[in-house]
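Chemist: Going by UniProt numbering, the first residue of the sequence shown is number 1, and it counts up by one from there.
The beta-carbon is built from N, C-alpha and C at its ideal position, and this holds for glycine as well.
Every value quoted in this text rests on a predicted model; they were computed, and no experiment measured them.
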Amino acid sequence: MERPTRRRLLTGVSAGSVLLSTKRWRADGGHSTDSDDGSSASASAESTLEVRISETNAPVAAGEYLEVTPVVENTGSTAVRTTVELIVGHDRERVSTVETTIDAGETREPMRMGFNTYPVPESDEFPVRVDADGATDERTVRVEGASTLANARPGADLSVEPGTSVLFEAGAVDPGDGQRTIWWLDGEQIGDTAVDTWQPAYYDERGAHFFRYAFDSPGTHEVTAAVLPDAEAGTYGARWTIDVTADGTRAPAIETSRPTDQVIEVARDDPADVEFELEATVPDGALDRVIWWLTQSDSILGVSDLEDRRDTARLSTVGCHTCTLVPWVVCRDGTVTEPDPSWQFERVDRRGTVEVTIHDTNDPVAAGDVLEVAAAVVNTGSTAETRELELVVGHDPTVVDARTVVVDPNETARVRLGFETYPTEKDERFPARVVTEDDADEVSVRVFA
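#1: What number of angstroms, rounded off, separates the C-alpha of T69 from the C-alpha of W184?
#2: Less than 7 Å between C-beta atoms, sequence neighbours within five positions excluded: which residues of the same chain meet that for D363?
#3: Three or more C-beta pairs closer than 8 Å, one from the segment 327-339 and one from the segment 410-426: is that the case here?
#4: Measuring CA to CA, which of S96, L389, T82 and T249 is closest to G134?
#5: According to DSSP, is V282 part of a helix, a strand, or is it coil?
#6: Please confirm whether P327 and L294 have their CB atoms less than 7 Å apart.
#7: So, do the segment 134-152 and the segment 246-260 have three or more beta carbon pairs nearer to each other than 8 Å?
#8: Where are the beta strand (DSSP E) runs, 3 residues long or more, that stay fully inside the segment 132-178, in chain order?
#9: Between A272, F168, G176 and E346, which has its C-alpha nearest Y213's C-alpha?
#10: Any idea what DSSP makes of W25, helix, strand or coil?
#11: Is A208 helix, strand or coil by DSSP?
#12: Under the rule that 16 or more other beta-carbon atoms within 10 Å means buried, what is N410, buried or exposed?
#13: Please report the straight-line C-alpha distance between R94 and D298, rounded to a whole angstrom.
#14: Using a Cβ-Cβ cutoff of less than 8 Å, which residues in the same chain neighbour R403 once the five nearest sequence positions on both sides are dropped?
#15: Residue ranges of each beta strand (DSSP E) run of no fewer than 3 residues wholly in the segment 218-268, ordered along the chain?
#16: Going by DSSP in three states, residue 452 sits in which element: helix, strand or coil?
#17: DSSP on Y65, reduced to helix/strand/coil?
#18: Identify, in the order they occur along the chain, each residue of the same chain with its Cβ nearer than 6 Å to the Cβ of Y202, setting aside the five sequence neighbours on each side.
#19: Quickly, what does DSSP pair R416 with across the bridge? List them, please.
#20: Take the Cβ of G114 as the centre, count every other Cβ of all protein chains shown within 10 Å, and call the residue buried at 16 or more, exposed below.
#21: Pull up the distance between the alpha-carbon of E122 and that of G145, whole angstroms please.
#22: What are the boundary residues of the beta strand (DSSP E) that A313 is part of?
#23: Please say whether P119 and residue 450 have beta carbons closer to each other than 7 Å?
#24: Could you please give me the residues that DSSP links to A440 through a beta bridge?
#25: Would you kindly report the start and end of the unbroken beta strand (DSSP E) that includes M113?
#26: Could you tell me whether the Cβ atoms of C331 and V282 are closer together than 7 Å?
#27: Can you list, in chain order, the residues of its chain with a C-beta nearer than 6 Å to that of G302? Leave out the 5 residues immediately preceding and following it.
#28: In whole angstroms, give me the CA-to-CA distance for T386 and R429.
#29: Which of helix, strand or coil does DSSP assign to A384?
#30: Mind checking which residues open and close the beta strand (DSSP E) that includes P404?
#31: Can you check DSSP and say which residues form a bridge with P70?
#32: Return the first residue and the last residue of the beta strand (DSSP E) that D305 is part of.
#33: Can you tell which of G178, R153, V160 and L86 has its C-alpha closest to the C-alpha of A231?
#34: For S342, which option in E355, L325 and G368 has the closest C-alpha, if you only look at C-alpha atoms?
#35: For T193, does the three-state DSSP call read helix, strand or coil?
#36: Considering only DSSP beta bridges, list what T82 is partnered with.
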């Protein structure tokens, strides 16, 4: 695998690096002028564009977003269609582009560009450059080194056989506060907890963010986490080296699982708990836990502790219609596996002839705004039916709205329910259900802080 671009970008620059010389710029076909702010600007003789970096947010802590604000002016008499490029490091890697048309005599600003910096452990400096149609400007920026994350799991060095999945954890810097974690694989950004809907549930349950990855390619790989605490200056980094080889550690195996049916039917009118059981083994090392995930609601139903090389985990739950129960079997060395296929719930035995389907919501909404859920009520019977619909939300189910509808035979009534969301200070994801005495439907909705 080709070695990392961003790791090469930052670890490959010396702390004493400076801007490229005027002679070097002229060799590239331009002419240089030194700006008052220490940048080095140039314009192409064949272009009517002039480029200037007006500001950056440097210095930034390693792992944070480095923002560059260029100003592009068209000094000519005709409009110019151009691609503005942000180029970083001595290897001149293009990390961001903006295509735009600049009219004659127009100055385009601000034009914000940037990238997430790699969580280097030591402070460093490197050049950032903006190019547009041959015109260019460059500055040297500084990144402050990230501290070492103390509670990262598993150990820093692993050896696994090809095809093995590993679960990495970046523990909370402050258990009472939140954080954002950005994940890198071999120097390429590959994950961000800000856009992963399973991360909040995992953070609440385990006090950590996670990254799971199956290593298929033999060789040595590097996983890195950049941790950005919500209420603390500075950033943290965690690093793991993974050697993928034929004689490496194997993932745990699931010997038996019950129920044997993969589709689990649950009565709608009187649902009863279903007992689930997994017997897991591992050839080397020791088992640690089973994490029981429930899809759609993006929630963890429970965590079962395991011991030794063979153990059994159990869970009792009702589930939800069309949700899937996905258990992760995790070893102490971070290797992980899950059953294939997992279990899916299906509600059956309707008492009436009315079916409910949620067909739209207005999520995501800002905290304090009204969340609306649109549902279709279908009467498949031969007589008119009257039903009360309830909107039930939250992991601790609460009725927040209700409506009575009359549906003629073979007709569909469309109903919109809603409620004013609570002004929460953090992003929330929770289930929203439309329920009648015969049927129900559920979706997962989001509220932004």
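Modeler: According to the structure shown:
#1: 25 Å
#2: Excluding five sequence positions before and after D363, the CB atoms of its chain that fall closer than 7 Å to its own CB belong to L371, V445 and R446, given in chain order.
#3: no
#4: T82
#5: coil
#6: Taking the C-beta atoms as reference points, L294 is found no nearer than 7 Å to P327.
#7: The segment 134-152, when compared against the segment 246-260, does not touch it at the 8 Å Cβ threshold.
#8: 135-144, 157-160 and 164-171
#9: F168
#10: A caution first: W25 carries a pLDDT of 20, below 50, which makes its placement in the model unreliable, though a value can still be read off. Reduced to three states, the DSSP call for W25 is helix.
#11: Three-state result, A208: strand.
#12: Using a 10 angstroms sphere on the CB of N410, the tally of other CB atoms stays under 16, which defines it as exposed.
#13: 36 Å
#14: Only E388, L389, V415 and L417 meet the Cβ criterion.
#15: 219-229, 236-244, 253-258 and 263-267
#16: Because the chain in this structure spans residues 1 to 449, residue 452 falls outside the shown range and cannot be described.
#17: strand
#18: Within the same chain, and ignoring the five residues on either side of Y202 in sequence, the residues whose Cβ sits closer than 6 Å to its Cβ are F210.
#19: Note: R416 sits in a beta bridge opposite A374.
#20: buried
#21: 4 Å
#22: Run containing A313: R310 to T317, per the beta strand (DSSP E) assignment.
#23: Past the boundaries of the shown model lies residue 450; the chain is included only from 1 to 449, so the question cannot be answered.
#24: V435
#25: M113 to N116
#26: yes
#27: Cβ within range, chain order: W292 and L315.
#28: 32 Å
#29: Looking at A384 - three-state DSSP - the assignment turns out to be coil, as it is neither helix nor strand.
#30: Here the sequence assigns Thr to residue 404, which means Pro is not the residue at that position. In this chain, the beta strand (DSSP E) harbouring T404 covers T398 to V407.
#31: I53
#32: Element bounds for D305: S299 to D305.
#33: G178
#34: Closest in C-alpha terms to S342, from the list E355, L325 and G368, comes L325.
#35: helix
#36: T100
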